[in-house]
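Undergrad: Got a structure for you, questions after.
Number of protein chains: 2
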Amino acid sequence: MYDTITVSRQLKAAGVHPTAQRIAIYHYLLSQAKHPTVEDIKAWVDQNFPKMSLATVYNTLRTFVEAKLVKELKLPHSSKTVYDTNVRNHHHFFDEDSGELIDLDPAVVTLDPALKRKYLITHIHVLLRGTQRRKYDDHA
Amino acid sequence: MYDTITVSRQLKAAGVHPTAQRIAIYHYLLSQAKHPTVEDIKAWVDQNFPKMSLATVYNTLRTFVEAKLVKELKLPHSSKTVYDTNVRNHHHFFDEDSGELIDLDPAVVTLDPALKRKYLITHIHVLLRGTQRRKYDDHA
DNA sequence: ATTAGTGCAAAGGATTTGCATAAAG
DNA sequence: CTTTATGCAAATCCTTTGCACTAAT
């Protein structure tokens, strides 16, 4: 699915020159990472790439964000930026038990249509927090 | 409206010992500040209080947050935390022209009721971004 | 050759901490 | 006196930057 050649082509298609470092990181993002922080990415890189500097990880991610290959998420529960390969419009649920971040369909949120009389809205940022219900949890 | 004695009482009522520094900052927050950063608060303090350290500003704000006198907002458009004396549940609109942050009624956002089958939601964080319409802007 | 990318270490901004002094009950 | 708050500077965390080196066209 995500072999080096495919990843390389995807980078090129986005206008990003496919270096070994970028291929490695993008491959990791696409195939294994969920919502990784720079720290997560660096840890993976340290295990799976001969030698890559932290600056290159940051540079690479900036390049990916500019090329719209990934989205950068700055969420209030953490000081660390997380990266998301889901570049479609969507929202997030933060599971307070597991620390996991779950993608939500944008359709789960509806805005009062009266808002657009006052505002020209360009971005909608929604983060829900809470816990996931277990199978037989009681819920009204 | 917000004289020293009143502010002092409000602090006490929230279980916060009213020191001169705390009274000064809380007074500023209630009477003049909109959505100030620590930098804003420190700038005001430097003009209006004999001598207060930056650490005291941070300490004071932490105390206020713990006492639920203010809310701490970490928004993705800025690296700086902003403080909000509106402690009721509400959302925000960030005006990209002016940099202004505007409070929104929580009722402007509706969540798909199906969400609560899967999740037990404890917090809803919504930030809209865009611009404010001028009086005679055309809008569909 | 010229441009683009990388690595390293140093710098940066925002916040926190440790600890000694000062104030308050 | 004993606790709590303050001030200062140093430390911390995450991220960015400057610059020399390398690789690729």
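Protein chains in written order, with the working numbering: chain D, 1 to 140; chain U, 1001 to 1140. Using N, Cα and C, we set each Cβ at its ideal position, and we do this for glycine too.
1) Using 8 angstroms as the limit for Cβ to Cβ distance, is R1133 of chain U near chain D?
2) According to DSSP, which residues form a beta bridge with R1129 of chain U?
3) Hey, is the region 32-40 of chain D in contact with the region 74-86 of chain D, meaning 3+ C-beta pairs nearer than 8 angstroms?
4) Of all Cβ atoms in chain U, is any one closer than 8 angstroms to the Cβ of E66 of chain D?
5) In whole angstroms, what is the alpha-carbon distance linking T1006 of chain U and I1023 of chain U?
6) Below 9 angstroms between beta carbons is the criterion; list the residues of the region 103-129 of chain D that meet it against any residue of chain U, in chain order.
7) Residues of the region 55-81 of chain D in Cβ contact with chain U at a cutoff of 8 angstroms, in chain order, please.
8) What are the start and end residues of the beta strand (DSSP E) that includes V38 of chain D?
9) Would a C-beta distance cut-off of 8 angstroms place T131 of chain D and D105 of chain D closer than the cut-off?
10) Cβ of T1122 of chain U within 8 angstroms of Cβ of R129 of chain D?
11) Could you tell me the distance, in whole angstroms, from the CA atom of R117 of chain D to the CA atom of V1109 of chain U?
12) Determine which residues of the region 36-52 of chain D have a Cβ less than 8 angstroms from any Cβ of chain U, and write them out in chain order.
13) What number of angstroms, rounded off, separates the C-alpha of N1059 of chain U from the C-alpha of Y119 of chain D?
14) For R1088 of chain U, which option in U:S1078, U:A1013, U:D1103 has the closest C-alpha, if you only look at C-alpha atoms?
15) DSSP three-state call for V109 of chain D: helix, strand or coil?
16) The beta strand (DSSP E) spanning Y1083 of chain U covers which residue range?
17) Can you give me the Cβ contacts of K68 of chain D inside the same chain, cut-off strictly under 8 angstroms, excluding the 5 residues immediately before and after it?
18) Quick one: give me the first and last residue of the beta strand (DSSP E) that K71 of chain D is part of.
19) Of all the options D:L115, D:A107, D:A33, which has the alpha carbon lying nearest to the alpha carbon of A1114 of chain U?
20) Along the chain, where does the alpha helix (DSSP H) containing H1027 of chain U start, and where does it finish?
TA: Put simply:
1) Taking the second sequence and counting its residues from 1, one reaches residue 1133 of chain U at position 133. At least one chain D Cβ lies under 8 angstroms of R1133 of chain U.
2) Within the second sequence, residue 1129 of chain U is the residue found at index 129, counting from 1. The partner list for R1129 of chain U (beta bridge, DSSP) reads D:H123, U:F1094.
3) yes
4) Translated into positions along the first sequence, residue 66 of chain D becomes position 66. No, because no Cβ of chain U sits closer than 8 angstroms to the Cβ of E66 of chain D.
5) Within the second sequence, residue 1006 of chain U is the residue found at index 6, counting from 1. Within the second sequence, residue 1023 of chain U is the residue found at index 23, counting from 1. Rounded to the nearest angstrom, the two C-alpha atoms are 10 angstroms apart.
6) L104, D105, A107, V108, V109, T110, L111, D112, A114, L115, K116, R117, K118, Y119, L120, I121, T122, H123, I124, H125, V126, L127, L128, R129
7) L73, K74, L75, P76
8) As a working mapping, residue 38 of chain D is identified with position 38 in the first sequence. No beta strand (DSSP E) contains V38 of chain D, which is instead part of the alpha helix (DSSP H) from 38-48.
9) On the first sequence, residue 131 of chain D is found 131 positions in, with the first residue counted as 1. On the first sequence, residue 105 of chain D is found 105 positions in, with the first residue counted as 1. Not a contact, by the Cβ cut-off of 8 angstroms.
10) The sequence position of residue 1122 of chain U within the second sequence is 122, counting from 1. The sequence position of residue 129 of chain D within the first sequence is 129, counting from 1. Yes, they are a contact pair.
11) To locate residue 117 of chain D, count along the first sequence from 1; it is residue 117. To locate residue 1109 of chain U, count along the second sequence from 1; it is residue 109. The straight-line gap from Cα to Cα measures roughly 15 angstroms.
12) none
13) To locate residue 1059 of chain U, count along the second sequence from 1; it is residue 59. To locate residue 119 of chain D, count along the first sequence from 1; it is residue 119. Taking the straight line from one Cα to the other gives about 36 angstroms.
14) Reading the second sequence from its first residue, position 88 is the one you call residue 1088 of chain U. Checked all of U:S1078, U:A1013, U:D1103; the closest Cα to R1088 of chain U is U:D1103.
15) Here the question's residue 109 of chain D lines up with position 109 in the first sequence. In this structure, V109 of chain D counts as strand in the three-state DSSP scheme.
16) For the purposes of this step, residue 1083 of chain U is identified with residue 83 of the second sequence, where counting begins at 1. Counting along the chain, the beta strand (DSSP E) containing Y1083 of chain U begins and ends at 1082-1084.
17) Counting from one through the first sequence, the residue named residue 68 of chain D turns up at place 68. A14, V87, listed in sequence order.
18) Counted from its first residue, the first sequence places residue 71 of chain D at position 71. Where K71 of chain D is concerned, the enclosing beta strand (DSSP E) stretches over 71-73.
19) What you label residue 1114 of chain U is simply residue 114 of the second sequence in a count that begins at 1. Nearest C-alpha to A1114 of chain U: D:A107.
20) For the purposes of this step, residue 1027 of chain U is taken as the residue at position 27 of the second sequence. Start and end: 1020-1031.
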